[in-house]
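Residue numbers 1 to 252, in UniProt numbering, belong to the letters of the sequence shown in order. Ideal placement from N, C-alpha and C gives every residue a C-beta, glycine not left out. Since the structure is predicted, the reported quantities are computational estimates derived from the model, not experimental observations. Everything below concerns the one structure shown next.
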Amino acid sequence: MALLETNDLTKEFGGLTALNGVEIAVQEGELVSLIGPNGAGKSTLINTITGRLTPTRGTVTYAGNDLVGMEPFEIAQLGVGRTFQTASILPELSVRENVQVAAFAAEHGSFRINFLSRRDSFDEVQELTDDILATIGLGEKAGMEAASLPYGDKRRLEVAIGLATDPDLLFMDEPTAGMSPTETEMTVDLIENLLSEWGMTIFLVEHDMDIVFDISDRIFTLHQGELIAKGTPDEIRDHPAVREAYLGGEGE
Ligand SMILES: Nc1ncnc2c1ncn2[C@@H]1O[C@H](COP(=O)(O)OP(=O)(O)OP(=O)(O)O)[C@@H](O)[C@H]1O
């Protein structure tokens, strides 16, 4: 059985159909990428899966759970994490505190519960935070104020915040956008490490086609809300509908 599956997933905004009958299945341990020209519906697909948007119709199933109608934090608690393109960083807190806040929030959904009284979970959060910072390569900068980090480190801290929910499936939204070649290489290494060492399943939205074709097990292609192709990098590279979507559209 697939870890994540959508059936007939459709989202309309007034008269605009942003997603039309999308059917995807992701197996545990896979790295899949979602591509498509601007406005294809990529963000809408991620948002309907992770609970930020309610689909007009269709189903989303994760590890046997029906996600439609669940709150984003409930979906996170099931093991679905997400890294954001836009800042989820709290600039005045330290690197370490940013990861801790995300970890506590994930565990309890909100801060209404006095989590500090629960020592077991407090210790677990410390351990997880240390693991994440070491994996991301921010261990030595753990005490620094987040605002003072260089751009590439800030993007990596966003990944660390996404990992703080201890996900089994991680959505990564353009993790290399705006990065230098060295930072991009480090991020690709990190993604490969999350797959091999952490046993994670990764769902990547990425505009850098070199990366997508290099590291994906399978690629989903959206165009005007329709899933026009899915397959291995080799199958997608020469797919006529994919070429048409990119050449005939705005191109990227
Ligand atoms: N909240 C909204 N209300 C109305 N229309 C929306 C909304 N969100 C997205 N859309 C429209 O839905 C379509 C798909 O948008 P979406 O942002 O999902 O595409 P995308 O593939 O993520 O694009 P990009 O690569 O530019 O980020 C677009 O036509 C967009 O204008």
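CA-to-CA distance, A245 to A76, given in whole angstroms:
Rounded to whole angstroms, A76 to A245 spans 33 Å at the Cα level.
Backbone CA spacing between K11 and L53 [nearest angstrom]:
If I take the Cα positions, the gap works out to 9 Å.
If we ignore side chains and look at the alpha-carbon of each, how far apart do R118 and L169 end up?
Only weak support is given to the placement of R118: the predicted model assigns it a pLDDT of 49, under 50, and the value that follows is read from those uncertain coordinates. Cα to Cα, R118 sits roughly 27 Å from L169.
Look at the Cβ atom of L9, then the Cβ atom of G58, and state whether they are nearer than 7 Å.
Yes, these two residues count as a Cβ contact at 7 Å.
If you run the structure through DSSP and keep just helix, strand and coil, what is S216?
DSSP places S216 in coil when its eight states are reduced to three.
What are the uninterrupted segments assigned as beta strand (DSSP E) that are 3 or more residues long and contained completely in the region 15-39, given in chain order?
List check, beta strand (DSSP E) in window: 16-26, 31-35.
Report all residues from its chain with a CB closer than 6 Å to the CB of M172; omit the five preceding and five following residues, and keep chain order.
Within the same chain, M172 has close Cβ partners T83, L204.
Quick one: give me the first and last residue of the beta strand (DSSP E) that M172 is part of.
Annotation: the continuous beta strand (DSSP E) that includes M172 extends over 169-173.
Counting only runs of 4+ residues fully inside the region 116-158, write out the alpha helix (DSSP H) ranges in chain order.
For the region 116-158, the continuous alpha helix (DSSP H) assignments of 4+ residues that do not extend past its boundaries occur at 119-136, in sequence order.
With distances taken Cα to Cα, identify the nearest neighbour of residue 341 among N20, G21, G36, I24.
Outside the modelled stretch of the chain, which goes from 1 to 252, sits residue 341, for which no answer is possible.
For E226 and R237, the rounded distance between their alpha carbons:
If I take the Cα positions, the gap works out to 18 Å.
Check whether the Cβ of K42 lies closer than 6 Å to any heavy atom of ligand 1, and answer yes or no.
For K42, the CB falls within less than 6 Å of some heavy atom of ligand 1.
Inter-residue spacing [alpha-carbon to alpha-carbon] between S110 and K154:
Confidence is the limiting factor: at S110 the pLDDT is only 45, short of 50, which leaves the residue's position unreliable and the question unanswerable from this model.
Is F171 near ligand 1, with its Cβ less than 6 Å from a heavy atom?
No, the beta carbon of F171 sits no closer than 6 Å to any heavy atom of ligand 1.
Shortest alpha-carbon distance to G231 belongs to which of I219, P240, G21, E28?
Minimum Cα distance to G231 is reached at I219.
Which residue's Cα is closest to the Cα of I46: A229, D166, F13, T6?
Per the Cα distances, T6.
Between which two residues does the beta strand (DSSP E) harbouring I202 extend?
Counting along the chain, the beta strand (DSSP E) containing I202 begins and ends at 201-205.
Compare the C-alpha of D189 against each of T135, I161, E71, S148 and name the closest.
Nearest option by C-alpha distance: T135.
Span separating the alpha-carbon of P150 from that of L128:
Cα to Cα, the separation comes out at about 24 Å.
Please say whether G29 and T165 have beta carbons closer to each other than 7 Å?
The Cβ atoms of T165 and G29 do not sit closer than 7 Å to each other.
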